[in-house]
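Undergrad: Got a structure here, written out as structure tokens. Questions coming.
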Amino acid sequence: MTAMDAIDEFLEAYIGMSLKPSPSDRYIISGKFPVYAQYGDDSSTLVDKEFHLEINIPVDYPNALPIVYELKQNALIPTSPEYHKNSDLSLCLGSPLALFTQLSRNPSLISFAKACIVPHLASAILKKEKGIPFKQGELKHYDEGLEEDLAQRFGVKLPLKYVPLILSRLGEKKGKANKKPCPCGSGRNLGSCSCSIHRFISSERRKAGDSRRFYRNVARYYDFYVNRQKENPEVKNKSIATNSDCVISLETNSV
Ligand SMILES: [Zn+2]
63 MTAMDAIDEF LEAYIGMSLK PSPSDRYIIS GKFPVYAQYG DDSSTLVDKE
113 FHLEINIPVD YPNALPIVYE LKQNALIPTS PEYHKNSDLS LCLGSPLALF
163 TQLSRNPSLI SFAKACIVPH LASAILKKEK GIPFKQGELK HYDEGLEEDL
213 AQRFGVKLPL KYVPLILSRL GEKKGKANKK PCPCGSGRNL GSCSCSIHRF
263 ISSERRKAGD SRRFYRNVAR YYDFYVNRQK ENPEVKNKSI ATNSDCVISL
313 ETNSV
């Protein structure tokens, strides 16, 4: 599915939204986005609202994540890290690994909206109106949040600076990856290194849970994050989950 296919399908379902003039690297859609969702069986947690959103869809979607903004006019969610809404009005939709997993399993933008955008908006409204905490549990902000996200997903703590190379190797066929230098920096090829990173990559390969494309996409995301910090140390501890100030993990029932 290409970005444009996904957008066409999305716009047919969300008739309040439309495609705007867009720069060359992404498509911009904006307009009214209805949310009708509830936590579990408790009808007091029903959310029935209309949001005004702008969604930026990278041209290489679904290999890169959409960024969702709540427009200033008629905004329902306070602009605050507490509500996972950043100063640039982007929403912190949650764990990057969860978002990439969603896209790799289902590239449809409608599904992404239902799985990732709707629960986020509903949670923010329930917090604002009823003081209900973001139900899904929240990751810590910044680097810590990303490390926590990786640890939850992979079961080990991976230092961020090694993540792009580790995931790139996982995104390649084993034979090709083994001829490349080990990410640990020993100077050995991955195939002949005996470090813990080599062991991690081997065990992750045996699980074979995700596609190589998934690893490559996540590697690219972290590569951008790590390099941005190198070039611009003052942005250290700014997540790129959405451009952004925070990272959270989300998982709700939406109806
Ligand atoms: Zn090594």
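Here the sequence shown is numbered in the numbering used here, starting from 63 and rising by one per residue.
Even for Gly, the Cβ is constructed at its ideal location relative to N, Cα and C.
The structure presented is a predicted model; accordingly, all values stated were derived computationally and were not measured.
#1: Any heavy atom of ligand 1 closer than 7 Å to the beta-carbon of Cys178?
#2: Which value, in whole angstroms, describes the spacing of the CA atoms of Glu74 and Asn240?
#3: Does ligand 1 have even one heavy atom less than 7 Å from the beta-carbon of Ile228?
#4: According to DSSP, is Val109 part of a helix, a strand, or is it coil?
#5: Please report the straight-line C-alpha distance between Leu153 and Glu132, rounded to a whole angstrom.
#6: I need the boundaries of the beta strand (DSSP E) containing Pro96, first residue and last residue.
#7: Do Ser265 and ligand 1 come close, with the Cβ less than 7 Å from some heavy atom?
#8: Got a sec, what are the start and stop residues for the beta strand (DSSP E) Lys82 sits in?
#9: What runs of the alpha helix (DSSP H), each 4 residues or longer, lie entirely inside the stretch 167 to 244?
#10: How is His114 classed by DSSP in three states: helix, strand or coil?
#11: Looking at the unbroken alpha helix (DSSP H) that takes in Glu74, where does it start and where does it end?
#12: Compute the minimum distance between the beta carbon of Arg231 and the heavy atoms of ligand 1, and state whether it is under 7 Å.
#13: To the nearest angstrom, how far is it from the Cα of Asp70 to the Cα of Asn251?
#14: Does ligand 1 have a heavy atom nearer than 7 Å to the CB of Ser142?
#15: Taking the alpha carbon of Pro369 as the reference point, which residue from Glu293, Ser248 and Leu171 has its own alpha carbon closest?
#16: I'd like to confirm the pairing. Which residues does DSSP put opposite Ser258 in its beta bridges?
#17: Using a threshold of 8 Å, state whether the C-beta atoms of Arg88 and Val121 are closer than that.
#18: Based on the DSSP secondary-structure assignment, which residues constitute the bridge partners of Glu132?
#19: Taking the Cβ atom as the reference point for each residue, do Ser166 and Ser273 lie within a distance shorter than 8 Å?
TA: The structure says:
#1: no
#2: In a straight line, the C-alpha of Glu74 is about 46 Å away from that of Asn240.
#3: no
#4: strand
#5: 7 Å
#6: Arg88 to Ala99
#7: no
#8: Met79 to Lys82
#9: Correct list: 171 to 174, 180 to 192, 204 to 216, 225 to 232 and 236 to 240.
#10: strand
#11: Ala65 to Ala75
#12: It does not: the Cβ of Arg231 is nowhere closer than 7 Å to a heavy atom of ligand 1.
#13: 45 Å
#14: no
#15: No answer is possible for residue 369: it lies beyond the span of the chain, which begins at 63 and ends at 317.
#16: In DSSP, Ser258 forms no bridge with anything.
#17: For Arg88 and Val121, yes; Cβs fall inside 8 Å.
#18: Leu115
#19: yes
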